[in-house]
Structures are given as C-alpha cells and as structure tokens.
Amino acid sequence: MARLAAAAAVLVVGGSLAECRFQGRPQLTVRRAGFGKSSRGLSGGGDSTGGSGGVGSANVRQLREKAIDSGGSSESRTLPGSKPTYDGPPVAVVGGGLAGLACGLALRRLGVRAAIFDTGKRAPGGRASSKTFKRQGCTHIVDHAAQAFTAQGPEIRALVEEMEQEGVVQQWRGRVGSLSNTGQFTPRDETREGPLWIGSSSTGMAAVPTWLAAEQEVFQDVWVAKLEPVRGAPGAGWVLKTPKGKQLGEGRYSYVVMAHNGKCADRLINTLPEKTVAHAPLRCKFTAKASPTSDRLELSSLWVCILAVPRGSSPASFDGAFVESHAVLSWAGNNSAKYPRPQTGQSDVDVWTLISTAPYGSKNKCSQEFIPPEVRTKVSEEMRNAFCTLLGAPGVADSCEVLHMQLWGAAVPLNVCQQHFVHDAEARVGICGDWLTAPSVEGAMFSGLALADAVARELRGESLPSTPAQPFKSWAGKATGDFGGINARLLASAAVDSALS
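So, in structure tokens, the structure goes:
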C-alpha cells in the first residue's frame, strides 16, 4: 500500500475520510483526565499514574513513542480546521477498545469534543493488546488476542496509511493461512483478500490503540457504573458516575456512546430511567455456538496460551494459521517470526500464541480474574500437547514452556446485527462495536466511524431518527474473529444514510 504524502486523508465535516485532506492543522491541546476539573497543557514527557488518572498531557508523548518505531515520524497528529462545529458539552465514549477509540478520534476530527472512559489499567485497546516476554536477554513481543487485520474499506485504508507513515503498523509478509486438523497448511490468497496488517515491531498490535488514543482525552482505570440524565428538558445531557457515586469527567456530556458489550454494558444501560433503542442490543448471553437468529448478542469464551518452543524443534511450515475443525485449537501464530527484532542475546525459543476453540473455552470456563491452579495446569497442558501433536511432533511438548495463560471470558461475538451502529435520537445514546459490523479489527473501527458520523450530524441539529437494532444473525467466521469482513466500498456516511432511510 502506498504511503501517504504530506496531504494525508482524514475525516472532516461535510466529506468522507477517503476524500479529504489535512487543512491548516492546529496543535491539539490535550486535557489531563480526572474526576473533577481538568488542567490543560501541550503533550509532554513523563508518566501519569493513579486509579482515576487518564492518558493526559503528561504521558501523551510517551504513548506515541511506544507506538512508533525508530524509523517512523514523530510529528504530532492534529485536528483539521480551526474551530469546532459543535461547541456544546462533549460526547462520553464508554469503552476504550478499537470501536470506542475510532469513534472518539472521528468525532474530534469532525469538530466534536469527546472523552473516552476505559477500565484498562495499563492502556486502552481491549482485545488489540500485546505483552512483552524476556528470556536470556531477548525480548519477545506477543499479540495475545487480535492477531492481524485487513484494510478493505476506503476509510480504514486511510487510517492505516496514516499509521504506516508513523511506523505504527506494517504489512505481515509471513506465511499465513489455514491449517487442517491433520496439520496440512494452506496459504491465504492475498491477491483476493488483500494484505494483512500487524502492529509495530516494538509493541505489537497494542500500537494501534495507542496511536488512536494518543491525542484523545482518555480516562483510564475507571468504572462507569451509572448514567444519570441532567435535570431539565429531554436530551439535556448525561452525568457519568462511579460505583461510589462520584461524578466522572467534567460533569455534563451531550451524548453517551456505549462502545463495549457483555454483562457490564447490559447493567450500565439499565441504569437509565427509561428504555432506549440501545437496551435490547446490549443484552447478551455466553455460548459456544451461535443461534441462527437471536434477539441478543451471543459471546464466546476463549483460552489463550503463550508457549515458548525450542527454536529448531518445531517442524511448523507457517507463521500464523487458523486451525480448522479442531477440538482444542482455533489459531496458532509464531510471534518471534512475526516481530523479528535485534537482540542483545541469542534467542533459543520461538514464542507462539495459541487460541482455543469456543467449545473448549466454554467447557473449561472459570473466573478469568482468579484462575484455579488446577484449571490452569489442565488447560495449558492440553493446549500445548494439542499444538505439538498437530505439528507432528508430540515429543517436543515436554521441552516447551508455558509463559502465560489467559481466559477471555467475553471474547468474540458469535452473531452480528450488520447495521454498523445503533442511535437513539431522543435519549442521545448510541452503540458501536464489531458485533454490529463484523467481528474483526476493521469491523470495530468502521462501526466507530459510522456512529461518529451519526452523532456529529445529530449534535449539529440534523434531528436524525432513531435506529433500532435488527435481529442478530449467526456469524460464519473464525472462532478468533476474522481478519476483515466489511464491505470494501462502503463509507461511514453511506452506512448512516442507509440506516436512516
């Protein structure tokens, strides 16, 4: 994919992201997050800590530098135009995954202030996260959830081109495809399906949400427990509160975006005094197999095993593969081949990410915060042995080391609405997420862009009608989510027009 030149594509009012260019970009001022008043300041060095702290002025630059490789640009991304198109209270985005971060960034580029509220303690990003493991002086970057993505839609391609220019993403040129349950590898058709994108060599897939969040107001490690309407006329706004009743952010928010799912989202939306069109699609249940049609979201649970395999002992002929029709495994990826890095020592292992099937995850589900030792031992041994047997090298299993085990309790949607967003015009509450488009990185970001377009129109006075959720239908994709899955020609504005027609 060609890199962007100086005129890079962005969202601006009145045009699509794919068609527009930077116009007189002023420096963005970032506000430090907190429960009450905020201080303003330009992005600077240092770190931000504290249970209610956010990605504010003190650590924006640090986040950006984490996301950017040494060869990338370090220029600050800024907003188009000189004045906002909406000067009312900001939008509150509850959920700092890719959908919420993309929605917040798009709103800012459309001239609408937005604040992200995320429960993550280390960084926002949801399933687009990575870990670092060190062994004998060698550092291994490990993607332990989302593995890669395509950029099929024009607006997602434009964002990816921005990220590529800054060294945040790169094409995955490894051997990627599918693996039969007997170990036969079939490469994916890149000509037909498009190139795959992964994160930076320094931080992995976590570089993507870090880049999206770097110049946004992100309240981190906070729990939004209640939404209270501002007293006055309908649509006067919302106040967000913690479980102890403390007010979050600057007080009044003009619109609330629900950018997360699961039981927590269902509980939060039910703190509203009246029913909205956002209530029904946030109901959910957990299952290993999707219903053909359903009135609620169905979510799977998946185990992730990070496995150190002695280098040279594995006969693997691939770098990443969806495992087909296997009882235990749905994905296996070699992070050491994916993110090769200069090392201070000689690495003696390849570090693999193994992801279970939904039935296996459901069968072995437990508390994801406090995994019982016996469950951890059982699942790690079964996933390790299944991987080595799949490669035709069962004798290697005993020499492999399990570095990390994680249960994603609410992992991947098994069904979707395929309407991209939900908007309640009267309550001014909306939903975005990959379960409304396609369970993928691209699907999550596109849903966020589409809802941002609808919210900006609403706040500018266009009086959009509400868009109730359509019935959920089963998603015939991969257990771990797909690489893509969206309409390659659809623009966010066209998705909004279609939903409103």
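Counting in the UniProt record's numbering, the sequence shown runs from 1 upward without gaps.
From the three backbone atoms N, C-alpha and C, an ideal C-beta is built for every residue, glycine too.
At which residues does the beta strand (DSSP E) containing residue i begin and terminate?
i    : result
C138 : C138 to D143
T182 : From DSSP, T182 is part of no beta strand (DSSP E); its letter is neither H nor E.
C284 : C284 to F286
V208 : Premise fails: V208 lies in the alpha helix (DSSP H), A207 to A213, not in any beta strand (DSSP E).
G199 : W197 to G199
Y255 : Y255 to M258
G430 : V429 to I431
For residue i, does the three-state DSSP call read helix, strand or coil?
i    : result
W352 : strand
N334 : strand
I371 : coil
C305 : strand
D47  : Low local confidence applies: a pLDDT of 30 at D47 is under 50, so the model's placement there is unreliable, and no value is given.
K246 : coil
L329 : strand
W223 : coil
F322 : strand
F387 : helix
E401 : strand
L491 : coil
P273 : coil
L500 : helix
W172 : coil
A92  : strand
A479 : coil
D424 : strand
K241 : strand
P394 : helix
Q406 : strand
P281 : helix
P443 : Pro is not the amino acid found at residue 443; the sequence shown has Gly there. Helix at G443.
S380 : helix
D453 : helix
G204 : strand
S74  : With a pLDDT of only 32 at S74, under 50, the local geometry of the prediction cannot be trusted, and no value is derived from it.
G251 : coil
G125 : strand
Starting from residue i, trace the alpha helix (DSSP H) both ways and give me its first and last residue.
i    : result
I486 : Where I486 is concerned, there is no enclosing alpha helix (DSSP H), given that its DSSP letter is neither H nor E.
R157 : P154 to Q165
E193 : E190 to E193
L105 : L98 to R109
G361 : A358 to K363
Residue i bridges to which residues according to DSSP?
i    : result
S474 : N415
R135 : C138
T437 : T437 is not bridged to any residue.
S130 : D143
L299 : F286 and P413
S463 : S463 is not bridged to any residue.
P229 : W238
S314 : Its beta-bridge partners do not exist; DSSP assigns none.
S347 : None, per the DSSP bridge assignment.
T293 : K473
For residue i and residue j, which I take to be in contact (beta-carbon distance under 8 Å), what is that distance rounded to the nearest angstrom?
i           : j    : result
residue 506 : V257 : Here the chain has residues from 1 to 501 only, and residue 506 is not among them.
W197        : K338 : The Cβ separation is near 12 Å, so there is no contact.
L302        : T480 : 7 Å
V94         : A259 : 6 Å
A332        : A321 : 6 Å
G485        : A438 : 3 Å
R311        : S356 : Contact doesn't hold; Cβ gap of about 25 Å is too wide.
F286        : L268 : Contact flag wrong, Cβ pair sits at about 18 Å.
P89         : G237 : 5 Å
*Are the segment 396 to 411 and the segment 442 to 450 touching, with three or more C-beta to C-beta distances below 8 Å?*
no
*Any 3 or more C-beta pairs closer than 8 Å across the segment 247 to 254 and the segment 266 to 279*: no
_Touching by the beta-carbon criterion (3+ pairs, under 8 Å), the segment 239 to 247 and the segment 135 to 150_ = no
*Are the segment 139 to 146 and the segment 101 to 120 touching by the rule of at least three beta carbon pairs closer than 8 Å?*
no
*Please confirm if the segment 300 to 319 is in contact with the segment 378 to 397, defined as three or more CB-CB distances below 8 Å between the two stretches.*
yes
*asked:* So, does the segment 370 to 381 touch the segment 428 to 436, judging by three or more C-beta pairs under 8 Å?
replied: no
_For the structure I just gave you, are there three or more beta carbon pairs, one from the segment 152 to 171 and one from the segment 124 to 133, closer than 8 Å?_
no
*Is it true that the segment 414 to 422 meets the segment 318 to 333, where meeting means three or more beta-carbon pairs spaced less than 8 Å apart?*
no
*Say whether the segment 460 to 477 touches the segment 289 to 298, bearing in mind that this needs 3 or more beta-carbon pairs closer than 8 Å, one atom from each stretch.*
yes
*Cβ contact (3+ pairs, closer than 8 Å) linking the segment 363 to 371 and the segment 203 to 218*: no
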